[in-house]
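Student: Listed in order, the protein sequences are those of chains R and W. Under our numbering, the first sequence has 717 at position 142, and the numbering climbs by one with no breaks. Under our numbering, the second sequence has 123 at position 44, and the numbering climbs by one with no breaks.
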Amino acid sequence: MPRRRPPLYAVHDERDASFTDFGGWEMPVEFDSIRTEHEAVREEAGVFDVSHMGEVTVTGPDATALTQRLVTNDVAALDPGDSQYAAITDEDGAILDDTVVYRLPDDGGRLPAVGGDPSPADADGPTYLFVPNAGHDAEAVDRWTSHRDEWGLDATVTNRTESFGMFAVQGPEAAGLVDDAAADPVTDLSRFEARWVTVAGVDCWVARTGYTGEDGFELIVPWDDAETVWAALDCQPCGLGARDTLRIEAGFLLSGQDFDPAENPRTPYEAGIGFTVKLDTEFVGRDALAAQQEAGVDERFVGLTLTERGVPRHGYEITDPDGEAIGTVTSGTMSPTLDEPIGLGYVPVEYDEPGTEIRVVVRDRPKEARISDTPFIQ
Amino acid sequence: MSFDAPDDRGYMESHEWALNDDGTVRVGISDFAQDELGDVVFVEVPDVGDDVTKGEEFGVIESIKAVSDLYAPVSGEVTAVNEALFDAPELVNDDPFGEGWMLEIAAADEGELDDLMSAAEYREQVE
């Protein structure tokens, strides 16, 4: 299958970005250097092209009922302009994907019609926009439509991934920067609040969300106007390399790496996102998760820090001090902010206290390490 | 993009360079290699007194984004390692042909160095 490209591929190529395949998308991994980009986000501001993230809308009289049954969080609690982080789980409670669900204004927002589907402005009922991870948009649409049909619900599900680009502006100066580029103020938005804002003359869905541990905004922009908006967000361009080091420092999960329904199935409780699970709602996987919440988890997602030289990487074994295998590193890096080797992974609950001594096996050699609090940076 | 490749040393296909000073061979990685790797965060080299074998792994270099093996350009005994890299691995990025050197080997057979590429040949490979 040919790889998909973001609307600004040519602009990034011209800027000498290096690219990588990410979920079937050819995305910029590095513009200048990961360290430079990472530091810009921690100290000033950086902008990421995250157009590989999916955009799916659900509208119609049963849009709430359908989405409520497919994500762990309480979609019905969202007012227009609110959003929430949620997991999409299978019958066993294992995370298939994680996502942010936005409720758009009740007039359906300013979404154009796509294919044979009408604009939500013409639909009856609320409109939700949710953001599946790279390459998961088609399966999300399949999941929503097949459950809609099975349950006989009235909702229109539209894949708009290739109608929109998505940018993330992150860092302590992000708010001022987006505010300057926007026709109306955005600094009054609370975390996880969003609204339509004109940025550089373009209608954008602007949300106070992000994946770096910093203040910032994510902008969902019409595909054909992506270049205009990108040019107005004048700060350090950042690639997926810096996005990874930033999110590891923040202790955030990466789909397909820190959980994977095939290779490493994990429930929200194991993965440390139990706060997204609202057991008083009915959703696929609810009963399994209720049972796990009652019984407790056997393993938990933790941070770890090497106290010897070396870098923890995905797949490295975690052992106890006696060399007994207890888990696996799922993500790791040399933290550019802390200048320490840090990682994330799963260990049995009896090892999950910060400060607990463990080992990470780096190229057959056990290195001294300890369990750490996350986020690694405050 | 063009990369430095001084004419005074030989190069391996795997991007290590070797500078021979009367049988003592200093080893590092090329400007092209450090640029490809990005920010270097860790270099693992053998201890002084260890033996290395031409063409075989002698260590590992890690950048934020990748892990790569390092290969010996010549067989012999390690006589020095650049301990400055333990605290400042970024020297490999800043000065790959100078302060970012990795180790020195007392060559068992200097003739093995004849197999290396010249700077001109190496430049042709990476450009």
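Heads up, the beta-carbon is just placed ideally off N, CA and C, and yes, glycines get one too.
Using the Cβ count rule (16 or more neighbours within 10 Å means buried), how would you classify Trp-780/R?
Tutor: It counts as buried.
Student: Can you check whether the CB of Ala-187/W is closer than 8 Å to the CB of Thr-158/W?
Tutor: Result no, Cβ atoms of Thr-158/W and Ala-187/W do not sit closer than 8 Å.
Student: In this structure, what does DSSP give as the bridge partners for Phe-742/R?
Tutor: Phe-742/R pairs with Asp-624/R, Leu-794/R.
Student: Measuring only the C-alpha atoms, how far is Asn-652/R from Asp-724/R?
Tutor: According to the sequence as given, residue 652/R is Ala; it is not Asn. Taking the straight line from one Cα to the other gives about 24 Å.
Student: Closer than 8 Å, CB to CB, is Glu-892/R near chain W or not?
Tutor: No, because no Cβ of chain W sits closer than 8 Å to the Cβ of Glu-892/R.
Student: Any C-beta of chain R sitting closer than 8 Å to the C-beta of Gly-134/W?
Tutor: No, its Cβ sits nowhere closer than 8 Å to a Cβ of chain R.
Student: What is the rounded straight-line gap between the Cα of Glu-141/W and the Cα of Val-120/W?
Tutor: Cα to Cα, Glu-141/W sits roughly 6 Å from Val-120/W.
Student: Glu-605/R touches chain W at which residues, Cβ-Cβ below 9 Å?
Tutor: Per Cβ cutoff of 9 Å: Gly-117, Lys-144.
Student: Who are the Cβ neighbours of Ala-640/R in its own chain at under 7 Å, not counting the five residues just before and after it?
Tutor: Excluding residues within five positions, the ones whose Cβ falls inside 7 Å are Leu-728.
Student: Can you pull the DSSP bridge partners for Asp-130/W?
Tutor: For Asp-130/W, which the question treats as bridged, DSSP gives the partners Glu-156/W.
Student: Pick out the complete beta strand (DSSP E) segments inside the stretch 637-713 of chain R, 3 residues or longer, and give them in chain order.
Tutor: Listed in chain order, the complete beta strand (DSSP E) runs (minimum 3 residues) inside the stretch 637-713 of chain R are 658-664, 670-678, 702-705.
Student: Would you please verify whether the beta carbon of Ile-609/R is less than 8 Å from any beta carbon of chain W?
Tutor: So, interface residue.
Student: Alpha carbon to alpha carbon, how far is Met-909/R from Gly-918/R?
Tutor: Their Cα atoms are separated by approximately 9 Å.
Student: State yes or no: is the beta carbon of Glu-141/W nearer than 8 Å to at least one beta carbon in chain R?
Tutor: Yes - at least one Cβ of chain R is within 8 Å of the one on Glu-141/W.
Student: With which residues is Ile-893/R paired in a DSSP beta bridge?
Tutor: In the DSSP output, where bridge partners are listed per residue, Ile-893/R has Gly-902/R, Val-935/R.
Student: Any Cβ of chain W within less than 8 Å of the Cβ of Arg-735/R?
Tutor: Not one chain W Cβ lies under 8 Å of Arg-735/R.
Student: Does the structure place the stretch 131-138 of chain W close enough to the stretch 107-120 of chain W that three or more beta carbon pairs sit under 8 Å?
Tutor: Result no; under three Cβ-Cβ pairs closer than 8 Å.
Student: Considering only their Cβ atoms, is the gap separating Pro-812/R from Glu-619/R smaller than 8 Å?
Tutor: Their beta carbons are not under 8 Å apart, which means Glu-619/R does not touch Pro-812/R by this criterion.
Student: I'd like to know if the stretch 611-627 of chain R and the stretch 675-688 of chain R are in contact, where contact means that at least 3 CB-CB pairs between them fall below 8 Å.
Tutor: Flag = no, the stretch 611-627 of chain R and the stretch 675-688 of chain R do not touch.
Student: Would you mind reading off the limits of the alpha helix (DSSP H) that contains Phe-111/W?
Tutor: Start and end: 110-116.
Student: Does the CB of Gly-816/R have a neighbour CB from chain W at under 8 Å?
Tutor: Yes, Gly-816/R counts as interfacial toward chain W.
Student: Hey, could you find the ends of the alpha helix (DSSP H) Glu-943/R is sitting in?
Tutor: Looking at the DSSP string, Glu-943/R is not in any alpha helix (DSSP H); the run it does join, the beta strand (DSSP E), is 940-947.
Student: Hey, Pro-693/R and Ala-825/R: beta-carbon distance below 8 Å or not?
Tutor: No.
Student: Trp-798/R: which of Glu-605/R, Glu-630/R, Glu-601/R, Val-886/R sits nearest, CA to CA?
Tutor: Nearest of Glu-605/R, Glu-630/R, Glu-601/R, Val-886/R to Trp-798/R, Cα basis: Glu-630/R.
Student: At least one CB of chain R closer than 8 Å to the CB of Val-120/W: is that the case?
Tutor: Output row for Val-120/W: interface = yes.
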